[in-house]
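Last residue of the sequence shown: number 461 in our numbering, and the count goes up by one each step with no gaps.
Heads up, the beta-carbon is just placed ideally off N, CA and C, and yes, glycines get one too.
Predicted model, so just to flag it, every value in this text is computed and none were measured.
Presented below is the structure to which this report refers.
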Amino acid sequence: MAVGTLFLARTVYAFNWYDIGGVLALVRASFGVGPVQLGIVLGAFLIGAGIFQVPAGLAAIRWGNRTVSLLALVTMGGFSLASAAAPSWPILALLRFGAGAGAAFFFAPALGLVASYFPAGSRGPVIGLFNSGFSVGSGIGLFAGALAGAAFGWPIALAIGGLGLLATAAVAPSLLPRETVVRRSVPEIVQLARPVLRSRSIWALAVGGIGLWGSFYIAAQYFVEFASSVHPSWALAVAAAVPTAMIAAEVPGGPIGGWLGERATDARWILAGWGAVVAVVIAVVPFLSLGADWPAFVFLGFADGVVFALLYLLPTFLPELAGGGLSLGFALLNSIQIFAGSGFAIAFGVIAAGWGYGWAWAFAGLGGAAFLPALLAVRLPSTPGGAGPARAPPAGQPGSQGSWAAPREGTLR
């Protein structure tokens with residue numbers, strides 16, 4: 049029941065990320081703006097989501113994953129609902145920034161809750177399944193947002209998402225089990241967080257996925273606006289269906305990616321290989337016909353599910369995150385990727401406005417590949433026999449050092 053509740057929350061949460069993507073053309077017409085302003089609106093949400101990730105991880109240490117996750121749903125829902133009444137694009141951008149801040153306080157604590165419900169070695173498919181809730185919500189948000197916007201106007205599309213979050217926040221407390229929280233002082237939290245924030249592997253994972261994060265976000269959010277501008281003969285519903293198919297394909301990709309990560313001897317190469325192919329596909333988007341866009345975006349969606357299931361699974365293997373640091377590790381990973389990814393969204397709009405969508409999509413593709421070499425700096429602890437990554441023991445079990453860190457077994461690769 050608890051995992052199902054978090055899956056639902058993750059789905060509605062994702063709806064509010066992507067419902068605006070289906071109505072960008074309507075926002076553009078309503079406020080008389082262009083790609084640059086739309087890029088700022090999209091980027092503002094990402095900046096809010098990026099800046100507050102680490103504070104969210106620290107808050108989870110202090111007050112617990114459950115409490116922070118529930119308050120985040122209320123915050124994000126309130127700002128999303130208020131976005132429907134925005135009188136101008138700068139106010140819309142400001143409110144989307146607030147919604148992004150709420151999103152930041154949900155992600156890492158909720159993922160930490162999911163990981164805490166399952167023992168090490170069996171988390172991969174479940175983490176992938178939980179992350180696929182984002183795909184389900186994104187697809188519904190993008191497509192339903194476009195339909196609701198076309199029928200009733202873009203404010204209704206945004207209001208639906210905000211109301212859904214508030215409703216979810218109202219029922220979730222009765223379905224999520226309470227957790228025991230160790231009350232720590234601020235100096236204790238800072239001291240215990242230091243090894244997580246200094247983790248070379250977390251930083252390498254985050255930097256290595258920056259370009260992919262930005263590219264996937266652009267593909268899902270900007271395709272409808274791109275199709276509306278370059279291919280006006282394509283109906284809005286048809287254009288919205290293409291990235292919706294991409295997002296739907298993420299659903300099976302998540303559990304499969306988690307399954308692969310549990311069994312791979314070196315998952316870094318799985319990440320790099322999928323990432324390189326993704327970069328090529330994104331770069332050629334402007335040269336594809338509508339018929340060719342469908343299989344291309346289905347592939348992108350499946351690859352997205354695989355890549356991010358691995359990115360969120362690998363931190364559970366790191367000894368420096370054991371004993372309570374996992375949520376903060378997730379937060380740092382997401383913070384770096386989202387904050388940098390917001391720059392990708394803004395740059396894409398600027399390039400599209402100044403040089404055309406061909407150059408903008410090329411930028412997205414090349415950017416997706418540019419950071420992949422950083423994955424080689426990830427150091428996963430291996431079992432002595434080299435059969436795969438060793439799992440970091442939870443706090444309180446043999447093999448932990450103090451409250452957080454665990455000794456590294458075998459070799460480091």
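- Just measuring C-alpha positions, the residue of 49, 64, 406 sitting nearest residue 213 is 64.
- Put simply, of 246, 134, 154, 112 the residue whose alpha carbon is nearest the alpha carbon of residue 54 is 154.
- For residue 59, the uninterrupted alpha helix (DSSP H) segment begins and ends at 50-66.
- Classified as buried, residue 62 has 16 or more neighbouring CB atoms from the shown chains inside 10 Å of its CB.
- Under the three-pair Cβ rule at 8 angstroms, the region 413-428 does not count as touching the region 114-131.
- A straight-line Cα-Cα distance of about 12 angstroms links residue 52 and residue 179.
- A straight line joining the alpha-carbon of residue 245 with that of residue 86 spans about 33 angstroms.
- Approximately 16 angstroms separates the beta-carbon atoms of residue 389 and residue 251; this is outside 8 angstroms, ruling out the contact.
- Under the three-state reduction of DSSP output, residue 166 falls in the coil class, being neither helix nor strand.
- Inclusion of residue 176 and residue 357 in the CB contact set at 8 angstroms is warranted, their separation being smaller than that value.
- Under the 8 angstroms Cβ criterion, the region 69-81 counts as touching the region 195-202, having at least three qualifying pairs.
- In the structure shown, residue 231 falls within a coil segment according to DSSP collapsed to helix, strand and coil.
- In the DSSP assignment, residue 97 falls within the unbroken alpha helix (DSSP H) covering 83-99.
- For residue 263, the closest C-alpha among the options 275, 391, 185, 220 is that of 391.
- With contact defined as three or more Cβ pairs closer than 8 angstroms, the region 338-355 and the region 288-298 are in contact.
- In this structure residue 319 touches residue 423 by the C-beta definition: roughly 6 angstroms separates them, less than 8 angstroms.
- By the CB criterion at 8 angstroms, residue 92 and residue 166 fall outside the cutoff.
- Here residue 222 is exposed: its Cβ has fewer than 16 other Cβ atoms, across all protein chains shown, within 10 Å.
- Counting along the chain, residue 408 sits inside the alpha helix (DSSP H) bounded by residues 405-418.
- For residue 343, the enclosing alpha helix (DSSP H) has its first and last residue at 338-361.
- Rounded to whole angstroms, residue 152 and residue 363 show a C-alpha spacing of 18 angstroms.
- Counting the other Cβ atoms within 10 Å of the Cβ of residue 337 gives fewer than 16, which makes it exposed.
- Counting C-beta atoms within 10 angstroms of its own C-beta, residue 238 has fewer than 16 neighbours from the protein chains shown and is therefore classed as exposed.
- Around the CB of residue 335, fewer than 16 other CB atoms lie within 10 Å, so the residue is classed as exposed.
- Judged by their CB atoms, residue 396 and residue 98 are not nearer to each other than the 8 angstroms cut-off.
- Apart from the 5 residues on each side of it in sequence, residue 161 sits with its Cβ closer than 7 angstroms to the Cβ of 54, 113, 114, 117 in its chain, given in chain order.
- For residue 264, the uninterrupted alpha helix (DSSP H) run begins and ends at 258-278, by DSSP.
- Using a Cβ distance threshold of 8 angstroms, residue 83 and residue 400 count as a contacting pair.
- For residue 115, the uninterrupted alpha helix (DSSP H) run begins and ends at 113-131, by DSSP.
- By the neighbour-count definition (other C-beta atoms within 10 Å, threshold 16), residue 124 is a buried residue.
- If you ignore the 5 residues before and after residue 248, its C-beta comes within less than 7 angstroms of the C-beta of 425, 427, all in its own chain and listed in chain order.
- 298 is the residue among 298, 107, 207, 111 whose C-alpha sits nearest the C-alpha of residue 182.
- Here residue 186 carries a helix assignment [DSSP, helix/strand/coil].
- Per DSSP, the continuous alpha helix (DSSP H) segment holding residue 79 begins and ends at 72-79.
- Within the same chain, and ignoring the five residues on either side of residue 361 in sequence, the residues whose Cβ sits closer than 6 angstroms to its Cβ are 172, 175, 306, 309.
- Counting only the Cα atoms, residue 137 lies some 30 angstroms from residue 380.
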